[in-house]
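Okay, structure first, notes after.
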Amino acid sequence: MTRLAVPKTYKLYIGGKFPRSESGRTYEVVSSKGAFLANAAKASRKDARDAVVAARAAQAGWSSATGYNRGQVLYRIAELLEGRRAQFVEEIAAAEGVSAAAASRQIDAAIDVWVWYAGWADKYVQVAGNGNPVSGPYFNLSTPEPTGVVASIAPQGSSLLGLVSVIAPVILSGNTIVVIASEPYPLSAISLSEVLATSDVPGGVINILTGSAAEIAPWLASHADVNALDLTGAEALEWIDLQISAADTLKRVLAPVSGVPAATLDRIVAFTETKTVWHTKSLI
Amino acid sequence: MSFLEYAPAPESTAILNLKDSYGLFINGDFVPGHGTPFETISPATEKRIATIANANEKDVDAAVAAARRAYEKTWSKLSGADRGKYLFRIARLVQERARELAVAESLDNGKPIKESRDVDIPLVAAWFFYYAGWADKLDYAGLGAAPRALGVAAQVIPWNFPLLMLAWKIAPALAAGNTVVLKPAETTPLSALLFAEILQQAELPAGVVNIITGAGDTGQALVQHPDVNKVAFTGSTSVGRAIAKSTAGSGKKLTLELGGKAANIVFDDAPIDQAIEGIVNGIFFNQGHVCCAGSRLLVQENIHDEVVDRLKQRLSTLRLGDPLDKNTDIGAINSREQLDRIRELSDIGEAEGAERWTAECAIPENGFWFAPTIFDNVSTSSRIAREEVFGPVLSVLSFRTPAEAIAKANNTPYGLSAGIWSDKGSKILAVADQLKAGVIWANTFNRFDPASPFGGYKESGYGREGGRHGLAAYLKTGIDA
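Just so you know, the sequences run in chain order D and X. For what it's worth, my numbering labels the leading residue of the first sequence as 302, then goes sequentially. For what it's worth, my numbering labels the leading residue of the second sequence as 1349, then goes sequentially.
Okay, structure coming up:
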C-alpha cells in the first residue's frame, strides 16, 4: 500500500512568521499541465501594510549590523538552499513545466546570486563611496547607506531566480523588503521563506506576499513609510500609474525589466542614499 | 543697540554693461521670445533692471530642437578632451568676469555682495573647473565601462543661488557629453543671461547650451518635452512631485533637489563660539533662502539659555540693508511673494505658541525685507518646525540625550542636511551615522564644494550633485540600460 502524502499549507511570510492572509482568501495554484498544486494565500491591502510595519521595525537593527555580518547571513541562505535543492527542483518543475535539469539550473543560479551579493555586503561601500578632496580644511567622506524599506514586485515568469534576484541586492546593504512573489509561481517563494525562517535573517527583513500584484502593488506604491519601489517584475502591470503614485512621497523608483534582472552593483546602489559628512580639521 | 557705525561702502554697478532687454539664448544667439516679456527687478529697491523674454511652448520646442541638433551633429562627436577644454574656458571666463557677475547677482537676487563675491561666483568657477577635468576621464568614474551621455538635458533652477545652481547643472551635464536647455527662475534670470554671453566668448558650439527664460509654465513645457532625455530640477518639493509624476514612464532620467528642514544639533560639549557663528551662518546665510539651511536649532537643554542669549546678541550686530554694500550681512528677500510666505509662517509660529524674537534693525523703505528672527520653545508639531520657511527664521527646540536629538532631527519628511556641534569626535560620528540626511556638517555648516556630493534623503529628492556621484546623474549607467 502506498503511503498517503501530507501536503503543505502555503501561507504568507511577514515579520518572520507565517500568517494566512487576514482576508481569509486563497487562490488556486496549478501546474503547467493545469493540475491542482496548492491553495496559496491571496494577500490583501492590510497584509501589505502589516508587512511594511514589520519591514520598518526590522530596518534599524538590520542596517546597523556590520557588512561582514550581513554578508554571512546572505551566504548562509545559499548554504541552506543548497541543502533543500530537491524540494525546489520538484516545485519548479511542476509549476513551470520545465525538466528537472532546467529546474536544477535555476536553483544553481539562485544560489550563486546569493553568494555573489553576499560578497558585496562588506565592499559596496568602498566601491560606491569615496573621500572627497574639498578645497578647505575639512575631512569629507561620502558613503552609501540603505534607503530604508523597499517594496518590490518580483519577476512574474520565474519561480525562484527572479525572486532572489530582486531580494538579495536590496537587503545586502541594510534595507528591508516587502516583495510580491510571482503570481502564477508562488510556491517556491513560500518554500524560500521556510529557508529564510530557519536561516539567520532576522524576522521582518524579508517579507513575502503571494497573491495579485495588480491588487497589492498600488497600496505599497502609495504607502508613506516605503522609501523605494522596485518595479522589476511589473512589466505587465499598469506600472506607470504605480510610478505616479510613488511620486507623492518621492519614492525612488526602479523601472520594470523583461525577465530576470542580471546581478549588478548598480542594482545595489539603486537602493542606497549617499551621505556626505564634512568634519572640520583644526589648525595646528 | 548701538554697535560700530559704518559709512556706506557700496560696490559700484559701473562694472555692469546690461542691456535694456534680453532675448532667449537659443542655438548660440539671443532671439525674441513668443510669450509676453516680463521685467526683472531688484528686490532691494523694486526698481526695474531689464525686460526679459518669455518662452512659450514654441520657443521651448526651438530650444530643445537646437540642443538635439547640437547633440547629434557636434557635441557627441567631440572628444572628451575637447569638451573639457570648453569647460576650462568657461571656468576662466567666469573668473575673469567674477566681479561683474557678483554685482549682477546681488542686484537681481538681493543677496549681500560679500556672499555673491566670496561664495557664489568663486564656486561657479570651481564647479566648471572641477567637471572640466572629468570630461575625458569618464571611464575612471566607477560608473561602469564606457558610460554614455543621455542626450538632451532639461534643467530648471531656483532663484536662491541663480548662477551657482546653473553651474551645478550645466557643468556635469556638458562634461558627461549632454547638451542642455536650462530655465533660470523667473525672478533671477540676469546672471544666466550674462553667462550666455560668456558662452559666446568661449565659442561654445551653438545649441550645446540654450537658456530660456519664463515662469512655471515655461519650465513645465520644458520638462514635459518629449525629446528630452534627462530632467534635473532644484526647487520646491511640491513642484518636484509634479515633475516626478509628469515624467513617470517617459524613460527620462530624473534628479530632484528639493526642500529641507535641517536640524542643527548643538551638544553641551560644543565649541560654543564657533557654534554660535555656525548657527548664524546656517540659517541667516543668503537670508535663509537655502534649501539646506539649518532652520531647526536643536540645542542641549543645559546650554539652551546661554546659546539663545548669545545668538540674540550676535544677531543684533548683523547689518541688514543694501545688498551691494560690502558691509551688509542680510540682504533683501528675493520677492514679495516669498516675503509674504515668511510673514505668514512666522505669524502662524507665534499663534501656535512659540516665543518670537526679532533683531532690531532699520528696515529700508522700499524693497522686500525681513529682520533675523528666532522662535524659541517651538514644539515639534508646530508648522515652523515642520515646514520650510525659506527665510531668516530660526526655530529653537531643545533635547536632553543624543537619542532624543536624533529622533527629533529625523522627525521630518525631508532629509537634505544636518549639523552637529561637539568637540567629541566619536559622538559626532555616532550621531552622523543615525541621521537621515544627505549632507552632514560637523562643527561647520553650509559648506559647498564641487568635489563633494550634495542631495537628499526622503522627500528632499533623489540623485546627487557634485563630485563623482554628480556625474552619474548625467550618464547612462547599467541600471538605465
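Glycine is no exception: its CB is placed at the ideal position from the N, C-alpha and C atoms.
- When Cβ pairs closer than 8 Å are counted between the two stretches, the stretch 1620-1631 of chain X is seen not to touch the stretch 565-580 of chain D, the count staying below three.
- At a cut-off of 9 Å between C-beta atoms, GLN544/D counts as an interface residue with respect to chain X.
- In this structure, DSSP gives TRP1507/X a state outside helix and strand, which the three-state scheme calls coil.
- Residues of chain X whose Cβ lies closer than 7 Å to the Cβ of SER443/D are, in chain order, PRO1801, GLY1815 and HIS1817.
- Interface annotation, ASP1673/X: not in contact with chain D, CB-CB separation never under 9 Å.
- Any Cβ of chain X closer than 9 Å to the Cβ of TYR425/D would place that residue at the interface, and such an atom is absent.
- The three-state secondary structure of THR444/D, taken from DSSP, is strand.
- Within 9 Å of the CB of ASN433/D, the CB atoms of chain X belong to ASP1797, ALA1799, SER1800, PRO1801, GLY1814, GLY1815 and ARG1816, in sequence order along the chain.
- About 7 Å separates the beta carbons of LEU1672/X and VAL1451/X, which is inside the 8 Å limit, making them a contact pair.
- Annotation: ALA1610/X to GLY1763/X spans about 7 Å, alpha carbon to alpha carbon.
- Contact between the stretch 438-445 of chain D and the stretch 463-472 of chain D is not established, with fewer than three Cβ pairs separated by less than 8 Å.
- The CB of GLY1588/X comes closer than 8 Å to the CB of LEU551 in chain D, given here in chain order.
- LYS1462/X has its alpha-carbon roughly 15 Å from the corresponding atom of VAL1628/X.
- Judged by DSSP secondary structure, PHE1378/X falls outside any alpha helix (DSSP H) and instead within the beta strand (DSSP E) spanning 1377-1379.
- According to the DSSP assignment, LYS1660/X belongs to the alpha helix (DSSP H) that extends over 1652-1663.
- Within the stretch 1792-1820 of chain X, the complete alpha helix (DSSP H) segments of 4 residues or longer fall at 1815-1820, listed in chain order.
- Contacts with chain D at 9 Å (Cβ-Cβ) include VAL1787/X.
- Short of 6 Å from the beta carbon of SER1770/X, and not among the five residues preceding or following it, lie these beta carbons of its own chain, in chain order: PHE1615, ASP1617, ALA1618 and ILE1776.
- ALA1398/X and SER1360/X do not touch by the CB rule: their CB atoms are close to 18 Å apart, not below 8 Å.
- Around LEU530/D, the same chain offers ALA452, ALA522, ALA547, LYS552 and VAL554 as residues with beta carbons nearer than 6 Å, after the five sequence neighbours per side are excluded.
- Contacts between GLU1807/X and chain D, judged by CB atoms closer than 9 Å, involve THR550 and LEU551 in chain order.
- When beta bridges are read from the DSSP output, THR1388/X appears opposite ALA1398/X.
- The beta-carbon separation of ILE1400/X and PRO1537/X, rounded to 5 Å, stays under the 8 Å limit for a contact.
- Identification of chain X residues near TRP579/D by a Cβ-Cβ cut-off of 8 Å yields VAL1787, ILE1788, TRP1789, ALA1790, THR1792, ARG1795 and SER1800, ordered along the chain.
- Close to SER492/D, with beta-carbon spacing below 7 Å, lies no residue of chain X; the smallest spacing is near 30 Å.
- Against chain D, the beta carbon of THR1825/X has neighbours under 7 Å at ASP567, listed in chain order.
- Per the C-alpha coordinates, the member of GLY512/D, ALA525/D, VAL374/D and SER436/D positioned closest to ASP501/D is VAL374/D.
- Remark: C-beta atoms of THR477/D and VAL496/D do not approach each other more closely than 9 Å.
- Setting aside the 5 residues that flank it on each side, ALA1820/X is surrounded in the same chain by LEU1491, each with a C-beta closer than 7 Å to its C-beta; the list follows chain order.
- By the rule that beta-carbons nearer than 9 Å mark a contact, ALA547/D touches chain X.
- Taking 9 Å as the cut-off, the Cβ atoms of ALA355/D and ASN508/D count as close.
- Under the Cβ distance rule, ALA1780/X counts among the residues neighbouring chain D, one pair being separated by less than 9 Å.
- Counting only the Cα atoms, ASP1430/X lies some 21 Å from ALA1799/X.
- Here the alpha carbons of LEU338/D and VAL390/D stand approximately 15 Å from one another.
- Under the 10 Å beta carbon count, GLU1353/X is surrounded by fewer than 16 other beta carbons and is classified as exposed.
- Residue pairing by DSSP places GLY432/D opposite LEU442/D in a beta bridge.
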